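In my numbering, the protein residues as written are 21 to 442. For each residue, glycine too, the CB sits at the ideal point set by N, CA and C. Quick caveat: nothing in here was measured; it's all calculated off a predicted structure.
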């Protein structure tokens, strides 16, 4: 990231900013934080921007990091709220927004990692100095438990439904839930980690990390016509994922509409709902499974990723040619009344489980317009009948309301939910 330290006439001094909870953020500095943007939210990425590690526009009607072309790396963090002071929490959201605005543009937080008062901690942790923006996107979401705080009981949308217990779940409470989350996606893992680290630092005393997950090797694509990346089982899955250019499908399946009744409160218009699932893959068992059985389980060939009886991965599948419990057959919209979600998953490996087996799998991220009409009925069907269940187990889970995008330099994450006039 650039090491330029920006100042603005009339801005508070650094010494004065230290008193603002230690965040050290000059809200309103760098009003043109997205000036470096080289790709619009929801559109296919400019190849030149990707080659140059360019920036993704932070402002817009929807948050970046949903329909945005999927980056290579992920750092996802769920937070618990530690303050009961509404004003303090709102100020943190404003500080987070300004920091996110700067980091996604490739700029340091506040006055940067060096050059300030020697007696005070720097505003930026510094590990991204000299690195490009790497298409960093930061996406915030609010969990159901947040609405038990700050007098928000009546603002929880009906579409933010608690997930039921699904057959086969073995959820670790230490990797489940959260009052809010931040999803950091970038092509450089250090840029993604730097972003979460700085937000956690700014939020110290107001929020604390509940759990987090690093991801690599994207397993889905939102770029039309692109080859679907492979998961750790070596297969392509979700080849008909919604593309960032498919505005009609995004409107129908992903973005919360205005005045739709069941879509929840007006503050969510333009937002979406996120389900995050940590799915452990039984790698060692899978690796001893015959190829034909692997292909029957997915309903695809392993080489090309084509559906059974077809030649190319994007060929329309003939579902009846697959086994009744094949994953593709059960998950396809034609088998589920048209249910469609936007996938944004990543592979993970977190060492071993102490028994000589890899702790590895898929960190599954699914965006949809209504959890009750998206993930919940789909997962009920899969958890009961999918042949893949013999080789996987859901061990972490969370659901979040993802508010609409930050419109301009005067806007901030969650404004429509927390503003008194909203």
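Local Cβ density within 10 Å of residue i, reported as buried at 16 or more and exposed below that
i	result
residue 251	buried
residue 214	buried
residue 286	exposed
residue 173	exposed
residue 197	buried
residue 168	exposed
residue 218	buried
residue 190	exposed
residue 247	exposed
residue 377	exposed
residue 267	exposed
residue 131	buried
residue 59	Its pLDDT being 39, under 50, residue 59 is placed unreliably by the model, and nothing is read from it.
Strand pairing of residue i, partner residues [DSSP]
i	result
residue 369	380
residue 232	97
residue 299	382 and 414
residue 202	97 and 160
residue 134	DSSP output for residue 134 lists no bridge partner at all.
residue 196	417
residue 388	293
residue 362	387
residue 250	256
Per-residue DSSP class, three states only, for residue i
i	result
residue 413	strand
residue 240	coil
residue 224	strand
residue 422	strand
residue 90	coil
residue 256	strand
residue 498	Any answer about residue 498 is impossible in this case: the structure gives the chain only from 21 up to 442.
residue 444	It is not possible to answer for residue 444, since the shown part of the chain is limited to 21 through 442.
residue 402	helix
residue 269	helix
residue 184	coil
residue 327	strand
residue 320	strand
residue 309	coil
residue 217	helix
residue 111	helix
residue 191	coil
residue 102	coil
Contact under 8 Å by Cβ, residue i with residue j
i	j	result
residue 140	residue 75	no
residue 255	residue 414	no
residue 264	residue 84	no
residue 164	residue 288	no
residue 306	residue 98	no
residue 10	residue 295	This structure cannot settle anything about residue 10, because the visible part of the chain is limited to 21 through 442.
residue 201	residue 438	no
residue 394	residue 162	no
residue 243	residue 89	yes
residue 325	residue 259	yes
residue 233	residue 384	no
Check whether the stretch 107-115 and the stretch 133-147 touch, using three or more Cβ-Cβ pairs below 8 Å as the test.
Taking a cut-off of 8 Å for Cβ pairs, the stretch 107-115 and the stretch 133-147 do not touch, as fewer than three such pairs fall below it.
Contact between the stretch 333-343 and the stretch 361-381: three or more CB pairs below 8 Å?
No, the stretch 333-343 does not touch the stretch 361-381.
The stretch 421-429 contacting the stretch 297-314, beta-carbon criterion three pairs below 8 Å:
Because the criterion of three Cβ pairs below 8 Å is not met, the stretch 421-429 and the stretch 297-314 do not touch.
Assess, as a yes-or-no matter, whether the stretch 349-360 is touched by the stretch 392-399 under the definition of 3 or more beta carbon pairs within less than 8 Å.
yes
Flag this pair as touching only if the stretch 311-331 and the stretch 401-410 have three or more C-beta atom pairs under 8 Å; answer yes or no.
yes
Between the stretch 90-97 and the stretch 204-214, can you find at least three pairs of beta-carbon atoms closer than 8 Å?
At 8 Å Cβ cutoff, the stretches touch.
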